[in-house]
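Chains as they are written, first to last, in the working numbering: chain H, 34 to 222; chain V, 172 to 463.
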Amino acid sequence: MNGQASAFVDSMPNEIATAATPLSFDEAFTLHHRAVFRTARSVVRDSGLAEDVTQEVFLRLYRNLDSTPGEELLRAWLLRVTLNVARNTLRGQSRSIARDSEYQKKTDEAWFASAPEEDYERRVALEEARVALDKIKEPMRSCLLLKQQGLSYREIATALCLKETNVGSLIARGRKEFARVYGKIGGRR
Amino acid sequence: MKECLGEEILQAYFDGELTGERMEAAALHLAGCRTCSASLRELESEADLLFSALAPEFEAPVPTERLQRRINAAITGLQVVSPARHVSISTWRDWLASLLTLTPQRTFGYAGLAVVLAFAVIFAMTYRRSNSPVATTQQILGKAPVNVRPSPVDQQKQTDNSSPADHDSAVAHAPKKLKPIRRNRTNTTPLPSNPVVAENEVKLLPGERSYLKTIAALDNTINSEKRTMRPALQAEYERNLALVDRAIAATRSAAKRNPNDPDAADFMFAAYQSKVDLLNTIADARVYNRPR
């Protein structure tokens, strides 16, 4: 069975095996803008900022369309850029966030008060998950975020500049840590 | 029993990231190892927890259309090198596109424009026909006498020149071969020498002017005779004249079209010379047959 499978793989044309076909910009946007936006939002925690990050990421893709990897690793490339841009955005935003923290607190309270009960619970769960996630160190945290979006170990390794053999271990440690912290916060275990 | 599976192997097994042989080996081990099986179950529950906790983060709606608009606008901003040029091009495109959109009023407008253009074309063709080469030559011939100012010296020369036999030996080509004309013994035939000629409206070809002057002079001579020709002679004269005029017109337009072709100019001069010969013949006949 195993021999048959490898024989089948060997008989495949090279171009299919390497899958290095470049995507057009529009195709890349259609396929990956959700992953980019969600990853950005999971880092910056704000939809408006996540839009800014997404725009910047796809502008970089547009500028470097000739030098970006093929379809197989394009998502990993995009998410690596996303994480970098999002972190830079957070650094730039840190002062204004500190300044506006009081305002943000009031806004959140108002939103929580006006939201329906289901949305309220959902919102609380999300906040608890975010707090737990913040406790996990890098690169484990990013590994969990990317794994959540279905990236393979190879893609995660490419996106985070890690060795592929280390990814499994990082995910395992991150998952354990998350479960411990999240259990403490929400007692949901 | 083999050594228990490490957490990274167990995680990779759970995530389906192990290659064939390692996957088989891990599955075999898990089937016989309670510790590792318990670890795998724990892993599964933690993974479920993690997945459901992070789900709201990744399930929130994505503003696809707004993102697309923003990114397209940003890319357009990148592409615009000279905004004014692009604006003007797009404005022109819009304008042309708007011209192609047919509304009822615009259809009537286009129809009216087509009628006006058709009339303009008909008028232009009529005007061009009226200005056909024959008419042009006649116009030239008609205008030429006005520009001729005979000099007394030439008149003197003409009186000195008096052998009718020379007329037959006239060679028909270049302006210098116009001597037969000078043999006109009519004192009334003024031949120009260094005349003050205003530029005709019609652009003359090189060498053409002297022929035109000669023809005008001969025409004057013939017309100065009060006597009328015999009707038969008159008819023949006019027929021949028209024939020669047509030949002149044809050769002249050919010479104008091919300014660098010496043959075309020669044909034209030959035609002019034929007319000069014809006029000379008529003038001679009228002078010799003049009643004393």
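Just so you know, even glycine gets a beta-carbon here, dropped at the ideal spot from N, CA and C.
A straight-line Cα-Cα distance of about 13 Å links V447(V) and N391(V). For L94(H) against T87(H), the beta-carbon gap comes to about 11 Å, at or over 8 Å, which does not count as contact. The beta-carbon of A295(V) is placed no less than 8 Å from the nearest beta-carbon of chain H. Per DSSP, the continuous alpha helix (DSSP H) segment holding L94(H) begins and ends at 80 to 96. Note on the stretch 165 to 201 of chain H: whole alpha helix (DSSP H) runs with a minimum of 4 residues are 173 to 181, 186 to 193, in chain order. Using beta-carbon distances, I204(H) counts as an interface residue toward chain V, with a partner under 8 Å. Distance from the CA atom of S395(V) to the CA atom of A406(V), rounded to whole angstroms, is 18 Å. Interface annotation, L225(V): in contact with chain H, CB-CB separation under 8 Å. Contacts with chain H at 8 Å (Cβ-Cβ) do not include T247(V). For A218(V), the uninterrupted alpha helix (DSSP H) run begins and ends at 205 to 230, by DSSP. Of all C-beta pairs linking the stretch 170 to 185 of chain H to the stretch 196 to 212 of chain H, three or more are shorter than 8 Å, placing the two stretches in contact.
When G81(H), V90(H), A83(H) are compared, the shortest CA-CA separation from F58(H) is found for V90(H).
Put simply, of V200(H), A190(H), A73(H), K180(H) the residue whose alpha carbon is nearest the alpha carbon of N117(H) is A73(H). Taken through DSSP and simplified to helix, strand or coil, P430(V) comes out as coil.
Of all alpha-carbon atoms in L64(H), T63(H), G81(H), F211(H), the one lying nearest the alpha-carbon of A119(H) is that of G81(H). When CB distances to chain V are screened at a threshold of 8 Å, the residues of the stretch 83 to 96 of chain H falling below it are E84, T87, Q88, F91, L92, Y95, R96, in chain order.
Contact annotation for Q181(H) against chain V: L221, F222, L225, A226, E228, F229 [CB-CB distance below 9 Å, chain order].
Annotated as proximal: T235(V) and H66(H), with beta-carbon spacing under 8 Å. Residue contact check for S57(H) against chain V: no CB pair falls below 8 Å.
I218(H) is a Cβ neighbour of A165(H), given a cutoff of 8 Å.
Taken through DSSP and simplified to helix, strand or coil, P234(V) comes out as coil. In the structure shown, the three-state DSSP call for P402(V) is helix. Taking CB atoms only, T206(V) has no neighbour in chain H less than 8 Å away. Only residues of its own chain outside the window of five on either side were considered, and among them A418, I419, T422 have a CB closer than 6 Å to the CB of A442(V), listed in chain order. Distance between Q126(H) and E84(H), taken at the CA atoms: about 14 Å. When only Cα atoms are considered, N411(V) and L288(V) end up about 41 Å apart. At least one CB of chain H lies nearer than 8 Å to the CB of T235(V).
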